[in-house]
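A.B. asks:
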């Protein structure tokens with residue numbers, strides 16, 4: 001048995017294996033949801049009989065489901081996610097070209113959300129019961145309920161069509177021009193960040209209140225430590241793991257919202273790719289995007305665990 | 320979205336008994352007393368009741384048929400004839416909003432209903448049986464939980480075919496593991512309680528144990544979660560309909576209305592407000608109600 005962070009990473013990877021098998025199996029079995037002959041569906045309306053036969057052979061629809069799954073998984077592991085029915089391009093190439101846009105949006109909004117949400121939560125917790133606290137809590141309730149894509153439309157109307165501070169739609173690749181890329185991503189990231197701000201503010205507030213109400217904080221207060229020292233040295237340190245975990249959970253929600261936000265701002269990311277492909281019945285692309293996104297989420301959660309363990313040795317020991 | 324209205328005063332001693340209203344009153348009276356004492360819950364519930372009425376009686380109450388086009392009055396601002404104006408086909412926005420509320424509530428209930436039907440029995444079962452079944456079940460839960468719900472919903476509609484029902488079944492499928500996880504954790508706590516042991520001692524069957532003892536005592540956090548989930552499902556429906564993957568035109572939905580309004584936002588910017596507010600207020604009402612129920616069910620939180 002290995003100890004410390006490396007051992008923990010190894011154990012978590014072992015735990016992730018069954019999770020990944022389930023997730024990939026769900027993506028694979030989407031093919032069985034298709035009404036009628038899946039080979040005909042995948043081939044599209046204009047396919048030749050040879051092409052249909054070829055697809056039937058690739059997917060192996062005549063073999064048992066588990067055999068098909070492992071055949072499919074073997075292709076996936078080789079990086080073969082099939083081809084688009086429309087452009088005939090490799091699905092993986094399509095996805096990799098668009099993924100950076102989505103990742104930039106998600107990370108940008110996560111950063112914005114943490115930079116605003118965490119201080120708001122601390123402020124509300126340290127001023128518990130005051131008007132400021134009530135104001136922050138109420139605004140946070142609104143932030144969770146507001147549809148991010150509606151907020152996106154309002155932002156476009158105000159700051160692009162109105163003041164013309166930001167471009168209304170489109171995106172710039174961050175590999176070509178990082179500054180322009182961030183500039184273009186700002187409005188959609190703000191729209192996405194709102195719910196992160198709201199969730200983080202509420203969670204940090206309640207976690208910090210719980211820590212500040214605990215026995216050892218009372219002891220520290222009794223020995224005469226100032227409120228400021230208690231907050232910065234002891235309170236926040238014990239809340240940091242909660243913050244990180246909640247921020248990690250937001251990744252999953254952000255990819256959800258990004259699918260819709262990318263449509264509002266015409267960002268050529270994977271969210272736009274999957275909704276466009278679903279509308280046009282380009283099944284291999286839909287399946288590919290779902291697969292890549294679920295794997296991204298699983299590995300992000302692993303990363304969060306590793307970060308948690310690096311900051312807090314108790315976590316490394318317990319998982 | 321948990322533990323947010325944890326209003327417990329931190330300086331208070333935890334041993335102080337929670338102040339509950341006098342228990343012997345009949346449940347019916349206690350409900351009204353609670354509702355009266357919690358004004359946020361009262362307002363949320365009243366709003367939702369009005370929304371349900373508007374949705375059910377839309378054919379009677381709506382001033383115009385939802386799909387009646389009037390090509391003379393396109394994208395009109397609010398007026399005496401059209402309280403909320405008209406859309407790009409001259410259809411009355413208020414009428415479409417009312418018909419849209421039906422689709423919103425139907426979609427939210429469908430998704431959450433599917434989540435409950437799959438998630439609750441699964442959670443109780445694996446929690447109660449334990450062993451390798453619990454182990455396998457928990458891994459399946461983790462695997463499905465990893466999917467961003469909208470991504471899963473879009474993927475399922477891509478396979479199953481586009482439409483509101485398909486999309487919401489997929490959202491419900493994404494909800495199920497959340498409920499299953501909560502139910503499993505609760506079952507693990509309750510199944511070791513003394514009264515369950517006592518019932519076992521009296522020779523109660525497994526089914527009797529689950530239905531009469533475990534389920535009623537483990538369901539409370541699920542009630543809160545379900546109420547909060549209605550808001551998530553509502554937002555999902557709006558988003559998917561915005562992408563034209565949910566409610567199909569000409570049927571009306573709040574998300575679909577926003578998509579059209581966004582198209583003409585430079586000509587008629589006022590058209591984007593009503594559907595957006597409808598979505599936000601309804602989500603807010605579900606969230607507020609959920610938090611109120613959490614406070615009601617949690618004896619450690621002091622109510623005032």
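Residue numbers (our numbering), protein chains in the order written: chain A, 1 to 319; chain B, 320 to 623.
Just so it is clear, CB atoms sit at the ideal spot from N, CA and C, and this is done for glycine as well.
1) Shorter than 9 Å from the beta carbon of residue 4/A to some beta carbon of chain B?
2) Relative to the alpha-carbon of residue 23/A, which residue among 293/A, 219/A, 249/A, 198/A has its alpha-carbon at the smallest distance?
3) Residues bridged to residue 411/B by DSSP?
4) Where does residue 266/A fall in DSSP's three states?
5) Measuring CB to CB, does residue 144/A end up less than 9 Å from residue 198/A?
6) Counting pairs of beta carbons, one from the region 594-611 of chain B and one from the region 534-549 of chain B, are three or more of them closer than 8 Å?
7) Using a C-beta cutoff of 9 Å, does residue 627/B count as contacting chain A?
8) Check whether the Cβ of residue 322/B lies closer than 9 Å to any Cβ atom in chain A.
9) Inspect the beta-carbon positions of residue 625/B and residue 421/B and report whether they are closer than 9 Å.
10) At a CB-CB cut-off below 8 Å, which residues of chain A make contact with residue 585/B?
11) For residue 335/B, which residues in the same chain have their Cβ closer than 7 Å to its Cβ, ignoring the five residues on either side in sequence?
12) How about residue 547/B and residue 605/B: are their beta carbons less than 9 Å apart?
13) Could you give the residue range of the alpha helix (DSSP H) that holds residue 171/A?
14) Which runs of the alpha helix (DSSP H), 4 residues or longer, sit entirely within the region 491-542 of chain B?
15) Can you find a CB in chain A that lies within less than 9 Å of the CB of residue 469/B?
16) Using a Cβ-Cβ cut-off of 6 Å (strictly less than) and excluding sequence neighbours within five positions of residue 389/B, which residues of its own chain qualify?
17) Using a Cβ-Cβ cutoff of less than 8 Å, which residues in the same chain neighbour residue 453/B once the five nearest sequence positions on both sides are dropped?
18) Tell me the DSSP bridge mates of residue 90/A?
19) For residue 252/A, does the three-state DSSP call read helix, strand or coil?
20) So, with DSSP's three-state summary, where would you put residue 177/A?
21) Compile a chain-ordered list of the residues in the region 554-574 of chain B whose CB is closer than 9 Å to at least one CB of chain A.
22) Any idea what DSSP makes of residue 281/A, helix, strand or coil?
23) Just checking my contact of residue 448/B with residue 468/B at CB under 8 Å: how many whole Å lie between their CB atoms?
24) For residue 361/B, collect the residues of the same chain with a Cβ closer than 6 Å to its Cβ; drop the 5 residues on either side in sequence, then sort them by chain order.
25) If I follow the unbroken alpha helix (DSSP H) through residue 594/B, where does it start and stop?
26) Whole angstroms are fine: how far does the CA of residue 123/A sit from the CA of residue 182/A?
27) According to DSSP, is residue 47/A helix, strand or coil?
28) Applying a beta-carbon distance threshold of less than 7 Å, which residues of chain B neighbour residue 145/A?
29) What residues in the region 454-467 of chain B bring their beta carbon closer than 7 Å to a beta carbon of chain A?
30) Rounded to whole angstroms, what's the CA-CA distance from residue 157/A to residue 584/B? Just pull it up for me.
31) Shorter than 9 Å from the beta carbon of residue 452/B to some beta carbon of chain A?
32) With DSSP run on the structure shown, which of helix, strand or coil describes residue 417/B?
33) Spatial neighbours of residue 333/B within its chain, please: C-beta separation below 6 Å, excluding the five flanking residues on both sides.
34) Near residue 532/B, which residues of its chain fall below 6 Å by C-beta distance, leaving aside the five closest residues on each side in sequence?
35) Residues of chain A with a CB under 7 Å from the CB of residue 396/B: which are they?
36) For residue 582/B, count neighbouring Cβ atoms within 10 angstroms of its own Cβ and tell me buried if that reaches 16, exposed if not.
C.D. replies: This is what the structure holds:
1) The residue you call residue 4/A lines up with position 4 of the first chain. No - not a single Cβ of chain B is within 9 Å of the one on residue 4/A.
2) Start at 1 with the first residue of the first chain, and residue 23/A comes out as number 23. Taking only the C-alpha atoms, the option nearest residue 23/A is 293/A.
3) One-based indexing of the second chain puts residue 411/B at position 92. Its beta-bridge partners are 405/B.
4) The count along the first chain starts at 1 and reaches residue 266/A at position 266. Coil at residue 266/A, not helix or strand.
5) For the purposes of this step, residue 144/A is taken as residue 144 along the first chain, with counting starting at 1. For the purposes of this step, residue 198/A is taken as residue 198 along the first chain, with counting starting at 1. Pairing residue 144/A with residue 198/A gives a Cβ-Cβ distance under 9 Å.
6) yes
7) Absent from the structure is residue 627/B, since the part of chain B shown begins at 320 and ends at 623.
8) The residue given as residue 322/B occupies position 3 in the second chain. Bear in mind that a pLDDT of 42 at residue 322/B, under 50, signals an unreliable position, so the model cannot answer this.
9) Chain B is shown only over 320 to 623; residue 625/B falls outside these bounds and no answer can be derived.
10) The residue given as residue 585/B occupies position 266 in the second chain. Correct list: 161.
11) By 1-based counting over the second chain, the position of residue 335/B is 16. At residue 335/B the pLDDT is 48, less than 50, meaning the model places this residue with poor confidence; the figure from the coordinates comes in the next sentence. No residues qualify anywhere along the chain.
12) Here the question's residue 547/B lines up with position 228 in the second chain. Here the question's residue 605/B lines up with position 286 in the second chain. Against a cut-off of 9 Å, the Cβ pair of residue 605/B and residue 547/B comes out as a contact.
13) Here residue 171/A refers to the residue found at position 171 when the first chain is read from its first residue. Element bounds for residue 171/A: n/a, residue is neither H nor E.
14) 513-520, 534-537
15) Against the second chain, residue 469/B aligns to sequence position 150. Output row for residue 469/B: interface = yes.
16) Counting from one through the second chain, the residue named residue 389/B turns up at place 70. Correct list, in chain order: 409.
17) Here residue 453/B corresponds to residue number 134 of the second chain, with the count starting at 1. So the qualifying residues of the chain are 445, 446, 503.
18) Numbered from its first residue, the first chain carries residue 90/A at position 90. Bridge pairing for residue 90/A: 83/A [DSSP].
19) Residue mapping note: residue 252/A aligns to position 252 of the first chain, counting from 1. DSSP places residue 252/A in helix when its eight states are reduced to three.
20) As a first step, residue 177/A is located in the first chain; it is residue number 177 there, counting from the start. Note: residue 177/A maps to coil in three-state DSSP.
21) Of all residues in the region 554-574 of chain B, 554, 555, 557, 558, 559, 561, 562, 563, 564, 573, 574 have a Cβ within less than 9 Å of some Cβ in chain A.
22) Here residue 281/A corresponds to residue number 281 of the first chain, with the count starting at 1. Coil.
23) Taking the second chain and counting its residues from 1, the one referred to as residue 448/B is at position 129. Taking the second chain and counting its residues from 1, the one referred to as residue 468/B is at position 149. Wrong, their Cβ atoms sit about 28 Å apart, outside the cutoff.
24) Taking the first residue of the second chain as position 1, residue 361/B is located at position 42. 354.
25) Residue numbering aside, residue 594/B sits at position 275 when the second chain is read from its first letter. Start and end: 592-616.
26) For the purposes of this step, residue 182/A is identified with residue 182 of the first chain, where counting begins at 1. For the purposes of this step, residue 123/A is identified with residue 123 of the first chain, where counting begins at 1. Taking the straight line from one Cα to the other gives about 29 Å.
27) Within the first chain, numbered from 1, the residue matching residue 47/A stands at position 47. Reduced to three states, the DSSP call for residue 47/A is coil.
28) Translated into positions along the first chain, residue 145/A becomes position 145. Residues of chain B passing the Cβ test: 550, 599, 602, 603, 606.
29) 458, 459, 461, 462, 463, 465, 466, 467
30) In the first chain, counting from the first residue as 1, residue 157/A sits at position 157. In the second chain, counting from the first residue as 1, residue 584/B sits at position 265. Spanning the two alpha carbons is a distance of roughly 7 Å.
31) Position 133 of the second chain, counted from the start, is the residue given in the question as residue 452/B. Not one chain A Cβ lies under 9 Å of residue 452/B.
32) To locate residue 417/B, count along the second chain from 1; it is residue 98. In the structure shown, the three-state DSSP call for residue 417/B is helix.
33) The count along the second chain starts at 1 and reaches residue 333/B at position 14. Any reading at residue 333/B must be qualified, since the residue scores a pLDDT of 46, below 50, and its modelled position is unreliable; the value itself is stated next. Within the same chain, residue 333/B has no close Cβ partners at all.
34) The residue given as residue 532/B occupies position 213 in the second chain. Correct list, in chain order: 515, 518.
35) Along the second chain, read from residue 1 onward, the residue named residue 396/B stands at position 77. Those do not exist, as residue 396/B stays about 15 Å from chain A at its closest Cβ, beyond 7 Å.
36) As a working note, residue 582/B is residue 263 in the second chain. Answer is exposed; the Cβ neighbour count stays below 16.
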